[in-house]
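I have placed the structure first, in the form of structure tokens, so that the comments after it can refer back to it.
Residue numbers (this note's numbering): 1179 to 1490.
Shown next, in the form of structure tokens:
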């Protein structure tokens, strides 16, 4: 019977519709090893971007409620203060850092003042789906700056403090429909579509996580990417209201969506290897069908991030 159920689960997972939703999480949870999370993260220094609401807020709360020292990186000061005050009222050790991850100057100012000498967990969670093409003061398209260059710059500048730590990139299942193109991800040419730009840059995050895992191997940094499935968040409702309303009863709650983030951050499970993509605590294929990018696209992305870093 167990083999039959596992076979049925694999078939359902192939449908996506019965995998990325809340019912998919409940199926997958049957195979979780809860003992893997009985780890002490007391005093661990954690940075979470996009932490004022949604998955970012939930994971900041989860980490802090287990004793971690959490720095919540938020673009909007008012919203950030509200989120931090709420968690402090619950006894959490959290600190607000006002940082716009799409802006290199904001990132550099934050890191130059940040006093923690070692970072145990860095979670790249901040995300958005633009409604129209817009550019940051660095001259980068907003989705590219938020999902690609900003996290790259943060990782680059914090590298000396990340030895033995963990980096988690929160990506999206929407990337499975996209074959990565550096020029499309850059978002400066052609007809603009915010959803497509989001998917391209989320695919780009998986590529960066792979490359960073190689670059930081000697520093014993565990680099992972994960996608949370279809989660009920303010961002989803705002950006994709039809999708959100249509799947309302099937959407995951924040606890279900953030579960794998916390697992990657806190677990000592030896099966967690660097450079992998995870979904519901299981290593997953990074590509479907013919969506694997050419090596030149990967090189173009990395070379651009590195060269753009040098001039800023």
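Glycine residues also receive a C-beta, built at the ideal position from the N, C-alpha and C atoms.
Since we're looking at a predicted model, the values are computed, not measured.
Check your understanding: Excluding sequence positions up to five away, which residues of its chain have a Cβ less than 7 Å from the Cβ of residue 1276?
Key -> Within the same chain, residue 1276 has close Cβ partners 1252, 1255 and 1258.
Exercise for review: Let me know the secondary structure DSSP gives residue 1272 once reduced to three states.
Suggested key: In the structure shown, residue 1272 sits in a strand (DSSP, three-state: E or B).
Check your understanding: Which one of 1416, 1247 and 1451 has the shortest CA to CA distance from residue 1300?
Key -> That would be 1247, whose Cα lies nearest to the Cα of residue 1300.
Check your understanding: For residue 1467, does the count of other Cβ atoms within 10 angstroms reach 16, so buried, or fall short, so exposed?
Key -> With fewer than 16 other Cβ atoms within 10 Å, it is exposed.
Review point. With distances taken from CA atoms, which of 1392, 1269, 1241 and 1402 is nearest residue 1450?
Key: Looking at 1392, 1269, 1241 and 1402, the one whose alpha-carbon comes closest to that of residue 1450 is 1402.
Review point. How about residue 1343 and residue 1392: do their beta carbons lie closer than 8 Å?
Key: Not in contact: residue 1343 and residue 1392 (Cβ atoms no closer than 8 Å).
Point to revise | Which of helix, strand or coil DSSP assigns to residue 1119 | key: Residue 1119 cannot be examined here, being either before or after the span of the chain that is shown, 1179 to 1490.
Exercise for review: Starting from the C-beta of residue 1236, find all residues in its chain whose C-beta is less than 6 Å away, skip the five residues before and the five after it, and write them out in chain order.
Suggested key: The beta carbon of residue 1236 is closer than 6 Å to those of 1432 and 1436 in its chain, skipping five residues each way along the sequence.
Check your understanding: Could you give the distance in angstroms between the alpha-carbon of residue 1447 and the alpha-carbon of residue 1369?
Key -> Those two C-alpha atoms are separated by around 45 Å.
Practice item. Answer with buried or exposed for residue 1267, where buried requires no fewer than 16 other C-beta atoms within 10 angstroms of its C-beta. Key: When all chains shown are included, residue 1267 counts as exposed.
Check your understanding: When the Cα of residue 1476 is compared with those of 1338, 1309 and 1382, which residue comes out closest?
Key -> Check the Cα spacing between residue 1476 and each of 1338, 1309 and 1382: the tightest is with 1382.
Review point. The ligand ADP heavy atoms versus the CB of residue 1227: any closer than 7 Å?
Key: For the ligand ADP, the structure offers nothing, since it holds no ligand at all.
Review point. Does the beta-carbon distance from residue 1313 to residue 1320 come in below 8 Å?
Key: Yes, the pair counts as a contact, with Cβ atoms nearer than the cut-off.
Review point. Quick one: what does DSSP say residue 1472 is sitting in, helix, strand or coil?
Key: If DSSP states are grouped into helix, strand and coil, residue 1472 belongs with coil.
Check your understanding: If you draw a straight line from the C-alpha of residue 1365 to the C-alpha of residue 1213, how long is it?
Key -> Answer to the nearest angstrom: the Cα atoms are 44 Å apart.
Exercise for review: Within the same chain, show all residues whose beta-carbon is closer than 8 Å to that of residue 1201, passing over the 5 residues directly before and after it, in chain order.
Suggested key: Listed in chain order, the non-local C-beta contacts of residue 1201 below 8 Å within the same chain comprise 1428, local neighbours out to five positions each way being set aside.
Check your understanding: Between residue 1389 and the rest of its own chain, which residues show a CB-CB distance below 6 Å, the 5 nearest in sequence each way excluded?
Key -> For residue 1389, where only same-chain residues beyond five positions count, the Cβ hits under 6 Å are 1480.
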